[in-house]
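When the letters of the sequence shown are read in order and numbered with this note's numbering, they come out as residues 265 to 361. Built from N, CA and C at the ideal position, the CB exists for glycine as well.
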Amino acid sequence: MKLAQDIIIKPIITEASMMAAQEGKYTFKVADKANKIEIKQACEELFDIKVAKVNTMPVRGQKRRQGASEGRTANWKKAIVTITKDSKTIEFFDGLM
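See the structure below:
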């Protein structure tokens, strides 16, 4: 069994994610092997919210160059968590808006 802290790695803080947070959609970087059910349970445990649905998507790493050598950053997984209307908000995002 995975811990909730191992599934939710960090929040994504961008202009688009802050606009979506006002509508009850929060964006997180999650573990690559985590599925939607595990992400839902981890969010409910960590933030004490009710999750309506979870959308996940793989994010491909970007190209990076350093001198003559070229490579890619690591691939990762992004999750957009939608909370129910009667659920409270996540305090961490409230401080940023």
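Asked: Coarse secondary structure for Glu287, derived from DSSP in three states; Found: coil
Asked: Reduced DSSP category for Gln269 - H, G, I as helix; E, B as strand; rest coil; Found: helix
Asked: Beta-carbon proximity list for Ala284, same chain, < 8 Å, skipping 5 on both sides; Found: Tyr290, Thr291, Ile344
Asked: Nearest residue (CA-CA) to Val294, options Glu279, Pro275, Gln286; Found: Pro275
Asked: Beta-bridge pairing of Gly331 - partner residues as DSSP gives them; Found: Answer is none; Gly331 lacks a bridge partner.
Asked: At least 3 beta-carbon pairs within less than 8 Å: the stretch 308-319 vs the stretch 334-352; Found: yes
Asked: CB contact flag (Cys307, Ile313, <8 Å); Found: yes
Asked: Nearest candidate by alpha-carbon position, reference Phe357, set Glu309, Glu279, Asp350; Found: Glu279
Asked: First through last residue of the beta strand (DSSP E) which encompasses Lys352; Found: Taken as a continuous stretch (DSSP letters only), Lys352 belongs to no beta strand (DSSP E), as it is neither H nor E.
Asked: Through-space distance from Lys342 to Gln269, alpha-carbon basis; Found: 15 Å
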